[in-house]
Every structure is written in structure tokens, then in C-alpha cells.
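Beneath this line is the structure, given in C-alpha cells, with notes to follow.
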Amino acid sequence: MATEPPKTDKLEVDLHVKYIQSLNTKKDDLEYWLTEHLRLQGIYWGITALDLMKHVDALPREEVIKYVCDCQHESGGFGGHIGHDPHIQNTLPAIQVLATLNALDAIDADKVVKYVASLQNEDGSFQGDQWGEVDTRFCYIALSICSLLKRLDDINVKKCVEWIVKCRNYDGGFGNQPGGESHSAQIFTCVNALAIAGALHHVDRDLLGWWLCERQLKNGGLNGRPEKLEDVCYSWWVLSSLATIDRMDWINPEKLTEFILSAQDLEDGGISDRPGDMVDVFHTHFGIAGLALLKYDGLRSIDPVYCMPQHVIDSLGLPRLHQHNDKMESGV
Amino acid sequence: MSSNVHGVKKVKTNEELAQARKQKEAVKIKEYNDLVSRCKEEVEAKHFEFSTLRLTSDILQLNPDYYTIWNYRREILLQGIFPTMDEEAKQQVLQQELEFFMQLIRINPKSYSMWNHRRWCLSVMSKPDWQQEFKLVGKMLDLDARNFHGWSYRRNVVANIREQQLDTKEIDTKEFEYTSTKIKQSFSNYSAWHYRSKVLPSILKDMTDEERTAVGKKELDLIKNALYTEPDDQSAWLYYWWLVGRVPSHVQIVGAYSVSKTQFLFVVFDDEVQLAGDIAVQDEQNNKVNGSCYFQPPTMPSPLHSWMMKHWQFSFSNWIQVA
Ligand SMILES: [Zn+2]
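These protein sequence lines map, in sequence, to chains U and Z.
Numbered per full-length UniProt numbering, the first sequence spans residues 1 to 332.
Numbered per full-length UniProt numbering, the second sequence spans residues 1 to 323.
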């Protein structure tokens, strides 16, 4: 058995900044090519983590903006990389990156909104692209895009809320579709979609809060569903849902902080799903986002609803739809 | 998120090993990128033929999450291959698509794109064999009793089977018993408890009161067994709570006020409330005041909850009763 990984009790900001900067230089790795369809999302994970660490300048701003714009199609939707097909799942990170870089005027918002609206179904749900997959994830994405662009009136919010409520379960959680089992990532999307829609009264906060706080395991980490392993990305899905329904104090923040920090790669930077595993930008982002929500010293605050830096949401003039930061505001 | 970022151990490496790996990868990268660019060229030239379909197969075997390649695959089938075929030949091609799925599922059982493709194939088949799908999903859940995609697909298959039947009692009973089996195999199979909560209402629907009571008693026995075996497990507790119904806490109206010369009326409660129906408001003549209610998210943390009602009566000075 290998030796125990080295431990630290602090966030290695410099290492993580370097790690994120290095991502675009790994063309010798097959993995770089196999994950091409995730590149635009990767930019969002990277930029957001950097901004939270107060290092947004570590990536070249103009280049990033140009790249994002090049992923857009005539239809208004964005592909996962230049030349990849448009999908709503790639359209949100495009908007998020541009908002964070204060460059929303680089794209035609009308086109984006039209694309999103075209994906709404009769019953209020959204499909991911023309091929018809339906999922509560896409409701959140649609609402989030339209809210960031201040165009919520262009989609049928009321019907969308009605459909999301159909996905609610007896445990207070939400699934991917009506009848689907509760899952932390789906709960994140539904709770925060309802927050954006001003419909949080559909959430039974105490019941859901209980389910969510039971996700914390003895080692401090959170899992996504009962009887599953802990995983850094759930630090975000679970914690932000708790923040939005104002039940974040139902879990142990010190132990969760410890767990996230223990999943850092102390040699090459980055954060992995669990201590000792290979790091990736997805878990690096969600680990740092979780720490930001936990008010980790030196990080900027994050908005649990939009999963974006709070100062970006504030400067867009959007209301804080959660009660989290008001309670523990410590300044950026 | 793709599953390949989960559970991959970091292995110690040195310069020499890294160099050797790089050389090996360089070959693979070239092969892969050649495949991708050839495939893109063919699709752009609208060569929607079997040879292009095979290119997509080669790529998807290396990378089943590449959604654009799946889209190409469907375009090739729809635009190039199906138009030249009769129904039977089309069915055969789609059957091969289902077999291709079975090959890939061994590489990555959690790819959304793959499952979407299977659903799409069945949706364009003239005679989809849902019983075959039912058997397949049973086998998958035998291998992994918590597989999210597996359960999700099971619901999809069952919904299609239900649609074909006039009497859905048989399939509902079958599904209910299926959850019993899964729960008895493991009391902490949360997916099975969840599914049970969705099937139970349709089982009870046409029952007499006595029959319902009998089912209820059996449910309580099952829960009791589960709680004795796995007392720390949340599954059975939540199911129990749902079955007996949560006792709502007593919520009171703290006050209500209307804003003069506007259409707004505010009602404040001492705890969180969800509305089961409209708030009943009467004016001084005991007439019902109609309007729609909106939840007012508090601007700061507060134990009070207020609802706003926008009514259609322009001004009334006194309201009599809010209930
Ligand atoms: Zn994860």
C-alpha cells in the first residue's frame, strides 16, 4: 500500500492557480482530447475557481472571450467546444464566463434567449437540445440563463415551476424527471431553479434539510445519495442547496472543510473527488466553491443559486435569492 | 459529469515512465484525432453512409461521452440510411444500434449520451420490444441495484408497457413486488424504497377500505423489519414518515394588512407555510375577494412568512376575515 498522502490544513491557492493555467498545455495527454466536449464547461469551472481565489487574471481575458464566442452557433446555442453541436448544457457556462468577465455584450443575447425558449416543451419542462432529452437540470439551466440575461419573461416560468414540482419526492428531494429518485445534483438544480422563479415555497425546507444533512459522512465528506461514497463535488450540490433553503448550519462545516482540503494534490495542484485520486478541473472548481460557501478565509463569497462569485451577481443588479450571505456577511 | 473523473487513483510516476507513456499516448492521440477529423469531413460532405456510421462507432468506442458524434450517428441514420430502406430493414439496423449500446455499456455504464441514444432508437422503431427492454433493465439492476440510469430507464420502460395495456393492474403489482424483492435483498436500497413510494398509490387506487388496511399493516411490518435490521438507515424512516403522513405543525396568522389604494394584501404567518388553496378573504359585505397569492421571500432571515395577495377589488377599507 502506498504511503499516506501528505496533509495540509490550508488551501494551496498558488498550486491551484498554476494547475488551472496548465490545463491548456496538456495536449500530450489523450485525456485532453477525449474531454474536448467539456472544454467550454471547463473554462467556466476554471474561471470561477480563479475568481473566487482572486486570480481571475491568471487566464488571458480576451482569448477566453473570443473562444467562448467561437463556440456559439447560428441557432444561438453554444457547443462544448468549437465545432461541437449546440446544447443548453454548454450555453449556461458560456453566459456565466462572459458575465464573470464582464463581457456579456460580446454576444447577441436575443439569439441565446430565443434558443433557450425554443427548447421548452408543452408541459413546461426543457429539453437539452433538439434530440429531446428532458431533465430538471435543463430547467435550472434555462432559468439561470434567462435570469442572468434578465429575460425571464421570454420563457414560461410558471409552467416550468409546475413541472419541477412534479419531480418532487416523499423525502422532500427532487429527481431528474417525475418519478425519479432524489439526487443531490438534481436537488441543487430544482431548489435553485425554484429560487430563481420565486417559488421556493414549494420546498419543504425541514424535510429536505434533513435528507441533505444526512449526506455528511463520518469523514466529513458529503455523498450524493444514501449509501454512496463521499465526493468533493457534492460539497457543492448539497451545501448550496442547504444554503438556499437556509439550513447550512445543519452540517458540520469544520469537518467538511477538512475533507475538501484533504483532497488537494499537494504536488501538482488541483482537487480530486476523494483524497489520493487524480485531480480534474471539475472537482477543483466545486471544492473551492464549497470552501467559498463555507466562508473559507481569503476566498471571495459565492452565490449558491447561480454558482458564481457573489460580486458578479451583485454587479449585474440581480437580487440575492438566498439568505445565506446576509447572515454571515464578512465582506469580500 | 462524465464518470472518468471519478475514482481514478493517482499513481506515482517518474520522468522515465512519464516519457514512455507520452510516446505511447502520442500514437493513440494521432489515431483518435485522425478518426475524428475524417468523420467530421464525411459528415460535412453529407456522406451519410454506412462507412461514416462505422467511423462514429470507432470514435464512440474510445469516447462514449462525445455527444456531437452521437448526433452525427442519428443524422446519418435519418438522412442517409433509413430513406433507402423498408420498415423491416430499418428495424434490423435499429436492433444493431441496441447491440452497439450493449458493447459500450461495458466500457462506461454511466454515460448519459448512450442511454439517450437507446431511448431514441426505441422511439423511432415501428415495433419496439418493451418486454425485451424490461428484461434487460432487470439484469442491469441485478448487477447494480442502485444504478441511477437503470432505475430511470426502468420507469421509462414501464411507462411504455403501461401505455399499451388497458388494465395496468398487472404491471403495477409486478413492480410493487419487485420493490419488495429488492428491499428484502437490502433494507438500505434507497432506490427501491423510493420506487415503492411511487407505485404504492396506484396499487391502493381501486381497493376497498379493508384491503387498504391490510396493505397498510403489511407495509408497517416491512418497515419494522427494516428498522430493526438497519436502525441508523434513513430509508425506512423516511418511507414510514411519508406513509403515516407528517403531522403538520400548527401555524397561526400573525396579522394581515392591506395597502390602501393598491391591490395588495399581505398575510403574515408565524412559521413557514405552503398554501393548499387560495387564502379566503371576505370584504365587509361577506363577499369573497378573489385574487392570486404570491409567496414573499423574506428580505432578511425571519421566522415569519408572508404571502401577498393581489386582488381584483380596487379599494376596500375593511376586510372582515382572513382564514
Ligand atoms: Zn464528483
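Just so it is clear, CB atoms sit at the ideal spot from N, CA and C, and this is done for glycine as well.
Between residue i and residue j, how many whole angstroms is the CB-CB distance? I'm expecting something under 8 Å.
i              : j              : result
H81 (chain U)  : H37 (chain U)  : 6 Å
E133 (chain Z) : S188 (chain Z) : Not really, about 27 Å apart at Cβ, beyond 8 Å.
D297 (chain U) : C233 (chain U) : Wrong, their Cβ atoms sit about 22 Å apart, outside the cutoff.
Y66 (chain Z)  : L60 (chain Z)  : 7 Å
H183 (chain U) : R225 (chain U) : 6 Å
I260 (chain U) : M53 (chain U)  : About 14 Å; that fails the 8 Å criterion.
Y115 (chain U) : G76 (chain U)  : 3 Å
R119 (chain Z) : N156 (chain Z) : 7 Å
V281 (chain Z) : V268 (chain Z) : With 8 Å as the limit, V281 (chain Z) and V268 (chain Z) do not qualify as a contact, their Cβ atoms being about 14 Å apart.
F295 (chain Z) : H322 (chain U) : About 15 Å separates the two Cβ atoms, so there is no contact after all.
Under DSSP, the beta strand (DSSP E) around residue i begins and ends at which residues?
i              : result
L265 (chain Z) : F264 to F269
Taking buried to mean at least 16 other C-beta atoms within 10 Å of its own C-beta, is residue i buried or exposed?
i              : result
S330 (chain U) : Residue placement at S330 (chain U) cannot be trusted, given a pLDDT of 41 that sits under 50; the coordinates are not used to answer.
S2 (chain Z)   : Low confidence applies here, because S2 (chain Z) scores a pLDDT of 47, under 50, leaving its location unreliable and the question unanswered by this model.
Y228 (chain Z) : exposed
H285 (chain U) : buried
V332 (chain U) : Residue placement at V332 (chain U) is poorly supported in this model, since its pLDDT is 34, which falls under 50; the coordinates still yield a value, given next. So V332 (chain U) counts as exposed.
F100 (chain Z) : buried
K169 (chain Z) : exposed
M328 (chain U) : Annotation note: pLDDT 46 at M328 (chain U) (below 50); position unreliable, no value reported.
M102 (chain Z) : exposed
L53 (chain Z)  : buried
V244 (chain Z) : exposed
P83 (chain Z)  : exposed
Q19 (chain Z)  : exposed
K12 (chain Z)  : exposed
Kindly examine ligand 2 and report whether one of its heavy atoms sits closer than 6 Å to the Cβ of residue i.
i              : result
C293 (chain Z) : You won't find ligand 2 in this model; what it holds is ligand 1.
From the DSSP output, which residues share a beta bridge with residue i?
i              : result
M207 (chain Z) : Note: M207 (chain Z) sits in no beta bridge, so no partner.
Q234 (chain Z) : Q234 (chain Z) pairs with nothing; no bridge assigned.
V279 (chain U) : U:S272
M125 (chain Z) : Bridge partners of M125 (chain Z): none, in fact.
L222 (chain U) : U:Q216
Going by DSSP, what residue range makes up the alpha helix (DSSP H) through residue i?
i              : result
V289 (chain Z) : Neither: V289 (chain Z) is in no alpha helix (DSSP H) and is coded neither H nor E.
G128 (chain U) : Unbroken run through G128 (chain U): none, as it is neither H nor E.
R73 (chain Z)  : Y67 to E75
F176 (chain Z) : K169 to Q185
G209 (chain U) : R205 to C213
H16 (chain U)  : V13 to S22
F100 (chain Z) : E87 to I105
M140 (chain Z) : W130 to L143
W236 (chain U) : C233 to T244
C146 (chain U) : T136 to L148
Q186 (chain U) : S184 to I196
R21 (chain Z)  : E15 to E44
Q72 (chain U)  : Where Q72 (chain U) is concerned, there is no enclosing alpha helix (DSSP H), given that its DSSP letter is neither H nor E.
P253 (chain U) : P253 to S262
Taking C-beta pairs closer than 8 Å, name the residues in chain Z that residue i reaches, listed in chain order.
i              : result
M278 (chain U) : V5, V8, K9 and K10
S182 (chain U) : H194
H84 (chain U)  : Y67 and T68
D273 (chain U) : V5, H6 and G7
H87 (chain U)  : Y67
D265 (chain U) : K10
Name the chain U residues that come within less than 8 Å of residue i, Cβ to Cβ?
i                     : result
D142 (chain Z)        : Ordered by position in chain U, no residue passes the 8 Å Cβ test against D142 (chain Z), which lies about 17 Å from the chain.
residue 342 (chain Z) : No statement about residue 342 (chain Z) is possible, as the shown extent of chain Z runs from 1 to 323 and does not include it.
residue 354 (chain Z) : With chain Z running from 1 to 323 in the structure shown, residue 354 (chain Z) is simply not present.
R74 (chain Z)         : W131
E25 (chain Z)         : D28, D29 and L30
F295 (chain Z)        : G198, A199, L200 and H201
Report the neighbours of residue i on chain U: residues whose CB is nearer than 9 Å to its CB, in chain order.
i                     : result
I29 (chain Z)         : K27, D28, D29, L30, Y32 and W33
Q234 (chain Z)        : D171, W210, W211, E214 and P226
residue 324 (chain Z) : With chain Z represented from 1 up to 323, any question about residue 324 (chain Z) goes unanswered, as that position is not in the structure.
Y32 (chain Z)         : L30, W33 and L34
N287 (chain Z)        : Ordered by position in chain U, no residue passes the 9 Å Cβ test against N287 (chain Z), which lies about 27 Å from the chain.
So which residues on chain Z does residue i lean against when the C-beta distance must stay under 7 Å?
i              : result
R225 (chain U) : Y190
G179 (chain U) : R155 and K198
H37 (chain U)  : D65, Y66, Y67 and T68
What residues from chain U crowd round residue i, counting only those whose CB sits closer than 7 Å?
i                     : result
N63 (chain Z)         : L34
W130 (chain Z)        : Ordered by position in chain U, no residue passes the 7 Å Cβ test against W130 (chain Z), which lies about 17 Å from the chain.
residue 331 (chain Z) : What the structure shows of chain Z is the stretch from 1 to 323, and residue 331 (chain Z) is not part of that stretch, so it cannot be assessed.
N108 (chain Z)        : Residues of chain U passing the Cβ test: none, with the nearest at roughly 11 Å.
N71 (chain Z)         : D85 and W131
Just the chain Z side, please: which residues come within less than 9 Å of residue i by C-beta, in chain order?
i              : result
W250 (chain U) : Neighbours of W250 (chain U) on chain Z: none; closest Cβ ~14 Å, over 9 Å.
N176 (chain U) : F148 and S152
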